[in-house]
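Residue numbers (the numbering used here), protein chains in the order written: chain A, 28 to 661; chain B, 28 to 661.
A virtual CB, placed ideally from N, CA and C, is assigned to each residue, including glycine.
2 protein chains.
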Amino acid sequence: MTKNLKVEFLPFETAVHVPAGTTLLEAVKKAGLPLKAGCGGKGTCGDCVVQVRAGRARSRPSAALPDELARQGYVLACETEVLDRLTVELPQFQEISIKSLLDLRFLEENKDNLSGVFEVRPLVARVDLALPPPSVDDHVSDLERVRRAISKTAGIKEAAVEYAVLKKLAAAVRDQDGRIHAVLLDGRRGWTILDIEPRRAQRRICGLACDIGTTTVALYLVDLETGEILSAASSYNQQLKCGEDVISRIDYARMPARLEELRSLVSSTVSHLIDQASRAAGVSAADIYYGSFAGNTTMTHLFLGLPPRYIREEPYVPTVREVPRLAARELGLSLNPEARIQFAPAVGSYVGGDITAGLLATPILRDPDTVSLFIDAGTNGELVVGNRDWLVACACSAGPAFEGGGMKCGMPAGDGAIETLEIGPDGAVRYQVIGGGRPRGLCGSGLVDLLAELLIHGHIDKSGKLHESTLGSRMIRDDNGPAFLIEEGANCHWGKDLVITERDIANLVRTKGAIFSACSVLLKNVGLTFDQIGAFYIAGGFGQHLGIESAIRIGLLPDLPRDKFHYLGNTSLCGATLILLSGRNEEMVNEIARKTTYVELNTEPGYMHEYTGALFLPHTDIGLFPTVKKLLAP
Amino acid sequence: MTKNLKVEFLPFETAVHVPAGTTLLEAVKKAGLPLKAGCGGKGTCGDCVVQVRAGRARSRPSAALPDELARQGYVLACETEVLDRLTVELPQFQEISIKSLLDLRFLEENKDNLSGVFEVRPLVARVDLALPPPSVDDHVSDLERVRRAISKTAGIKEAAVEYAVLKKLAAAVRDQDGRIHAVLLDGRRGWTILDIEPRRAQRRICGLACDIGTTTVALYLVDLETGEILSAASSYNQQLKCGEDVISRIDYARMPARLEELRSLVSSTVSHLIDQASRAAGVSAADIYYGSFAGNTTMTHLFLGLPPRYIREEPYVPTVREVPRLAARELGLSLNPEARIQFAPAVGSYVGGDITAGLLATPILRDPDTVSLFIDAGTNGELVVGNRDWLVACACSAGPAFEGGGMKCGMPAGDGAIETLEIGPDGAVRYQVIGGGRPRGLCGSGLVDLLAELLIHGHIDKSGKLHESTLGSRMIRDDNGPAFLIEEGANCHWGKDLVITERDIANLVRTKGAIFSACSVLLKNVGLTFDQIGAFYIAGGFGQHLGIESAIRIGLLPDLPRDKFHYLGNTSLCGATLILLSGRNEEMVNEIARKTTYVELNTEPGYMHEYTGALFLPHTDIGLFPTVKKLLAP
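Here it is in structure tokens:
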């Protein structure tokens, strides 16, 4: 019997055991990991690039792998045999860098464009204390001495105390002759001493804002005293290997061991990012005392290890909407063990904390006269219409296309992603790549531009079919059928052609159709029409530069005056940051969750009709899009 | 090289590795365990009886070991060689059964003799709920549904919730169609849901009251709904092997690993007792939701793993006096993980929670007119004088003699202990054994009786020396010098003579002297004399039947009208039970701790003089003991 060899895959921390001679592609499949392989393992498409990090493997040379990549240790998984225990990185799932849509200046300059408040008044604060030495006449306990000083310095009486603090107290108060920092939490039920440290070096008190998306996870590390964003990090959610959308993850989680697997995968994703962001900022994880998390209801349940099955069974009941504040140690997160973790509250099973946090980051509640529409086009699309006095929300299953998921050349909005694109009159494709350099793929905004340009230039018809006649050499055909060549492999990072297939186009059309028809139905439900909406706030993982014009051209957004539209990026992360920085925002986001009414689209009459009508470019009723109609007129 | 064999000692859970052929006595010494061996290992005294529970050993027969014991697997450690991996029980340290001084009737009948209140209103309560099923029109989260029902049924709004409850919530609310129990805690800062279970079988909600003594640990398992004491358990504190008194344990704990060892030993002691009490009562540990602990300040620090060193370094500062309420999971205790653990508060480093709890269990605070004196003669002696309006306390180092520690035939007040004793005019010794049967040793009350009888019958002089002339065959002599024969080995459980040596007598005299002189100095400090004290409440591990007359005869208690004295037994355990049963008592015990003033005896003028005077039987100034003087008159 052959001895099986262990192959470990990064960044998933998944391993399989396979006999020597197995190809890496087979090993990847056995591990259930979502590595693309367009040609099905023939060594021709070059999709399945991986990097061998440790161990010995044998690769056949392949024309589909550029020399430059080969020199860096990249191989094609389908052409490589396992000879030894291996560690292999799947670069398609490497950590991606988020482009900081948000920094403090941005928030400060836009403070009138927030429903939340912009202030640096977090619930965690540091006080520096100098304790008088104990004596025979003043021999109260160490804890009372600290409490007395806190009361005198900060006016806080009766602060509760964590067990971990008690354990270090005797040493901490004596180390520097009574000079200590105390880290205090302003909890809902009073103050708590989270930490006591001897005052030696200068220390920061930091916090974490984190958006847990179905596809990507992104976080900021923030100095809680200045409000400065010290570093940012993001990556794919490692849960991806268990399903691309929330429904498939809920199904996957039905068995307790698999629920635990999902919990552990997202926890590991977040821990890696914390580690990365801490190192980048030169901050110790022990100095992070607060985490503000926002995610949809399913992601929040999975993060907490709560069985999500009732979220998808009628009547769609989550276990919890307002998660109690937990300690990092309870969640096994690599922060200060006593750090408090707060989740943005959910409205219901399909409108989660990412949306309530997102609403904080838009001015929707600020203006009593204007009714606004908020659209978050993530893997799940959520929409909220309303103003300061009322809010009505709905959700639709949009799919991960705009976050780059399920697309041949899609990717999140990170380094190497094409974020804007135009097709010249000469047929040349011009684009801009995040971070410069050769493109690796297209993020959402690039895909929206591409679809609009193909439509306007007559390269696709209104059903999304490619026009062979107008495309010339840009029209190619592979195992996946007809495709449009965006850029030749020689000019691309991975050495293989960037293309969009008809299947990809159909995927994008379904996604935009789901969102547009949800908008229509939601407005009908509240008795309004598009032109009565004063502002459209668009959020989601498109990338920094979603072209509003392009989005209207493909029928994702309605054809209205362009200045009504505002693309805001990752509002969930921005909202989580606002909550991190201010206890008032935490109260406000709970208020938002409580006042929002949820409408179930599936039981709304006319939804299927609207959806079917939206499965064209821009729409089956071209009259709804007069400016696009004019452009398309022959 | 010889292979070392593992020898494990029960109940300590300590193991050593020794070469084959080593005697068990050597192995015990290597393990640092406190096994008595009067003859120093010659096989003659029969002290070092142990029981081989598993494994193979070779024993030489010995006249010092009765056949009956040999048949039960007992051996003499000094005469037994290790041949194999062994498990050995040290019977001197077997779990001992506490005689229940306390049951509910006792408390109820004596409710006028408590400073605390007698009521069954614990901070943990169960409510039975029937949740309406969720529907499309009523799809709030599971948690909100539970909260709504709690609010409706119990009028409790906004109950906080534990993470562990969230994790089981979805399943629990669906298991019996919404019929659940909720276990709620009335915390200082509001209510918390500690547990949710589907309502199936009848369940009890239980609590634990525990006295953590330096020498012995005792606990009650209590039904929190009826107040019934379901079972009791007690044993030696396993920390004994690291030192007999608090000072030696504080010294031992200076290194972090040894502090952790002490923490783990007492935790293991308590866990064993919980296990034993739960099995006896047929209760699952998961049904125990509250633990009320009382111990001296050092024991409390060690239980929590807090470094105790500053307790014994001037100015004697503990880390904490009022320990915050902790969860069982934080302490690793085998109760429901969310059970709350409350410690009785300390007055200071040398007057701990055992005393404040003890004061609850006496009527000292009840009467505004009478000034009472409370004496707890444990390994540390603590004294409190006062009434409802004021309390002054002091502490002295008494030693474990009255708990049977450090005495050749001493033992705690458990099965087999002689608890009362008299010497007839014929010189015959008559005694009563707890639980009946042959005696194993003497507990505190037996020792006090013995000392008084020896004195009154002229067998010892006022310095504690044995009078060879009057004793006849009762006078024996062994390696430890002269001794009085209480009972012959043939009539004793362990088959060896029960004796009291002159050294033991000197030990008892020092102990009673420390307590009496502390009383004198404390009263002088507050400007009172003995006859101004209305009542004397005496606590401690003497056993159920401390003879007040005997205690006066040996000069432990002052010579006053006998009806002023009340022996109350383990008041620490009784007070812990009162706290367990009532939130009002928890408030009152904190009040007691705050209002008590501590007096440091060592800096009191005249203390050494008083102590030296008390080192005689009954006292160097016989005029202080007129009734004893009359008896001793020739």
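| query | According to DSSP, is R285/A helix, strand or coil? | reply | As a first step, residue 285/A must be located in the first sequence, where it is residue number 258. It is helical.
| said: With a threshold of 8 angstroms, are at least 3 pairs of Cβ atoms found where one atom belongs to the segment 479-495 of chain A and the other to the segment 532-546 of chain A? | reply: Cβ pair count under 8 angstroms is three or more, so yes.
| query | To the nearest whole angstrom, what separates the beta carbons of L362/B and T346/B, a pair I think is in contact under 8 angstroms? | reply | Position 335 of the second sequence, counting from 1, holds the residue named residue 362/B. Position 319 of the second sequence, counting from 1, holds the residue named residue 346/B. Separation of the CB atoms of L362/B and T346/B is rounded to 24 angstroms, and the pair is thereby denied contact status at 8 angstroms.
| Given G610/B as reference, the closest of S319/B, T253/B, T497/B once Cα atoms are compared | Reading the second sequence from its first residue, position 583 is the one you call residue 610/B. The shortest C-alpha separation from G610/B is found at S319/B.
| What's the call for E349/A, buried or exposed, on a 16-neighbour Cβ count within 10 Å? | Counting from one through the first sequence, the residue named residue 349/A turns up at place 322. The residue is buried, with at least 16 neighbouring Cβ atoms inside 10 Å.
| query | For G163/A, is the classification buried or exposed, using 16 other Cβ atoms within 10 angstroms of its Cβ as the cut-off for buried? | reply | The sequence position of residue 163/A within the first sequence is 136, counting from 1. Going by the sequence as given, residue 163/A is Val instead of Gly. Flag for V163/A reads exposed.
| field | Beta-carbon spacing of L644/A, I542/A below 9 angstroms | value | As a first step, residue 644/A must be located in the first sequence, where it is residue number 617. As a first step, residue 542/A must be located in the first sequence, where it is residue number 515. Against a cut-off of 9 angstroms, the Cβ pair of I542/A and L644/A comes out as no contact.
| query | If you count every other CB in all the chains shown that lies within 10 Å of the CB of D74/B, and 16 or more means buried, which is it? | reply | The residue labelled residue 74/B in the question sits at position 47 within the second sequence. Flag for D74/B reads buried.
| request: Report the neighbours of P342/B on chain D: residues whose CB is nearer than 7 angstroms to its CB, in chain order. | output: The chain inventory of the structure shown lacks chain D, comprising the protein chains A and B.
| said: Going by DSSP in three states, K33/A sits in which element: helix, strand or coil? | reply: As a first step, residue 33/A is located in the first sequence; it is residue number 6 there, counting from the start. Three-state result, K33/A: strand.
| query | Would you report the Cα separation of A371/B and T383/B, rounded to the nearest angstrom? | reply | For the purposes of this step, residue 371/B is taken as residue 344 along the second sequence, with counting starting at 1. For the purposes of this step, residue 383/B is taken as residue 356 along the second sequence, with counting starting at 1. Between A371/B and T383/B, the C-alpha separation is close to 7 angstroms.
| query | From the beta carbon of K194/A, is the nearest beta carbon of chain B less than 9 angstroms away? | reply | By 1-based counting over the first sequence, the position of residue 194/A is 167. Interface with chain B (9 angstroms Cβ-Cβ cutoff): K194/A is included.
| Neighbour flag for E116/A against chain B, beta carbons, 9 angstroms | For this step, residue 116/A is matched to residue 89 along the first sequence. With 9 angstroms as the cut-off, E116/A does not count as an interface residue toward chain B.
| field | Among R148/B, E340/B, T325/B, I579/B, the one whose alpha carbon lies nearest that of L608/B | value | Within the second sequence, numbered from 1, the residue matching residue 608/B stands at position 581. Residue R148/B is the option with its Cα nearest to L608/B.
| query | Can you name the start and end residues of the alpha helix (DSSP H) that F543/B belongs to? | reply | Counted from its first residue, the second sequence places residue 543/B at position 516. Counting along the chain, the alpha helix (DSSP H) containing F543/B begins and ends at 529-552.
| In chain B, which residues lie less than 7 angstroms from L170/A when you measure between Cβ atoms? | Mapped onto the first sequence, residue 170/A falls at position 143. Contacts between L170/A and chain B, judged by CB atoms closer than 7 angstroms, involve T346, V347 in chain order.
| field | Straight-line gap, V115/B to V34/B (C-alpha atoms, nearest Å) | value | Position 88 of the second sequence, counted from the first residue, corresponds to residue 115/B. Position 7 of the second sequence, counted from the first residue, corresponds to residue 34/B. V34/B has its alpha-carbon roughly 7 angstroms from the corresponding atom of V115/B.
| said: Taking CB distances under 9 angstroms as the criterion, tell me whether V626/B reaches chain A. | reply: Against the second sequence, residue 626/B aligns to sequence position 599. Chain A contact via Cβ: absent.
| Inter-residue Cα distance where the pair is L469/A and D238/A | Taking the first residue of the first sequence as 1, we reach residue 469/A at position 442. Taking the first residue of the first sequence as 1, we reach residue 238/A at position 211. Approximately 22 angstroms between the Cα atoms of the pair.
| query | What are the start and end residues of each continuous alpha helix (DSSP H) run of 4 or more residues lying completely inside the segment 555-593 of chain A, in chain order? | reply | Runs of the alpha helix (DSSP H) lying entirely within the segment 555-593 of chain A, each at least 4 residues long, are 575-580 in chain order.
| task | Would you kindly work out how many angstroms separate the C-alpha atoms of S127/A and K539/A, rounded to a whole number? | result | If you number the first sequence from 1, residue 127/A lands on position 100. If you number the first sequence from 1, residue 539/A lands on position 512. In this prediction, S127/A scores a pLDDT of 49, lower than 50, which makes its location untrustworthy; the coordinate-derived value is nonetheless stated afterwards. C-alpha separation (whole angstroms): 25 angstroms.
| field | Identity of the residue in N507/A, D506/A, F511/A nearest L498/A by Cα | value | Walking along the first sequence from the start, residue 498/A turns up at place 471. Among N507/A, D506/A, F511/A, the Cα nearest to that of L498/A belongs to F511/A.
| Range covered by the alpha helix (DSSP H) that runs through Y634/A | Counted from its first residue, the first sequence places residue 634/A at position 607. Element bounds for Y634/A: 634-640.
| query | Looking at chain A, which residues of the segment 365-390 of chain B have a Cβ within less than 9 angstroms of any of its Cβ atoms? | reply | Within the segment 365-390 of chain B, those residues whose Cβ lies closer than 9 angstroms to any Cβ of chain A are, in chain order, A373, G375, S376.
| task | Check the Cβ-Cβ distances between V151/A and every residue of chain B, and say whether any is below 9 angstroms. | result | Within the first sequence, residue 151/A is the residue found at index 124, counting from 1. So no, V151/A is outside the interface.
| request: Determine, using beta carbons only, whether T623/B and G485/B come nearer to each other than 9 angstroms. | output: For the purposes of this step, residue 623/B is taken as residue 596 along the second sequence, with counting starting at 1. For the purposes of this step, residue 485/B is taken as residue 458 along the second sequence, with counting starting at 1. No, Cβ-Cβ distance for T623/B and G485/B is not below 9 angstroms.
| Rounded to the nearest angstrom, how far is the Cβ of S599/B from that of A321/B, given a contact under 8 angstroms? | Reading the second sequence from its first residue, position 572 is the one you call residue 599/B. Reading the second sequence from its first residue, position 294 is the one you call residue 321/B. Correct: roughly 5 angstroms between the Cβ atoms.
| Nearest chain B C-beta to E224/A closer than 9 angstroms, yes or no? | Taking the first sequence and counting its residues from 1, the one referred to as residue 224/A is at position 197. Output row for E224/A: interface = no.
| Using a C-beta cutoff of 9 angstroms, does R216/B count as contacting chain A? | Translated into the one-based positions of the second sequence, residue 216/B becomes position 189. At least one chain A Cβ lies under 9 angstroms of R216/B.
| task | Tell me whether the beta-carbon of G143/A lies closer than 9 angstroms to the beta-carbon of A187/A. | result | Translated into positions along the first sequence, residue 143/A becomes position 116. Translated into positions along the first sequence, residue 187/A becomes position 160. No. Outside cutoff.
| task | Give, in chain order, every unbroken run of the beta strand (DSSP E) that is at least 3 residues long and sits entirely within the segment 303-345 of chain A. | result | Segments of the beta strand (DSSP E) lying fully in the segment 303-345 of chain A: 315-322.
| Between the Cα of P118/A and the Cα atoms of N137/A, L141/A, A152/A, L60/A, which residue gives the shortest distance? | Here residue 118/A corresponds to residue number 91 of the first sequence, with the count starting at 1. Measuring from the Cα of P118/A, the nearest candidate turns out to be L60/A.
| CA nearest to the CA of R504/B, picked from N518/B, H520/B, L525/B, C519/B | In the second sequence, counting from the first residue as 1, residue 504/B sits at position 477. Of the listed residues, the one whose Cα sits closest to R504/B is L525/B.
| query | What did DSSP end up calling G237/A once you bin it into helix, strand or coil? | reply | Stepping through the first sequence from its first residue, residue 237/A is reached at position 210. Correcting the residue identity first, residue 237/A is Cys in this sequence and not Gly. Strand at C237/A.
| query | Just to confirm, does R230/A get its C-beta within under 8 angstroms of one of the non-hydrogen atoms of the ligand SAM? | reply | With respect to small molecules bound, the structure shown includes none, and the ligand SAM cannot be examined in it.
| query | Between the segment 260-280 of chain A and the segment 232-247 of chain A, do at least 3 Cβ pairs fall closer than 8 angstroms? | reply | Touching, yes.
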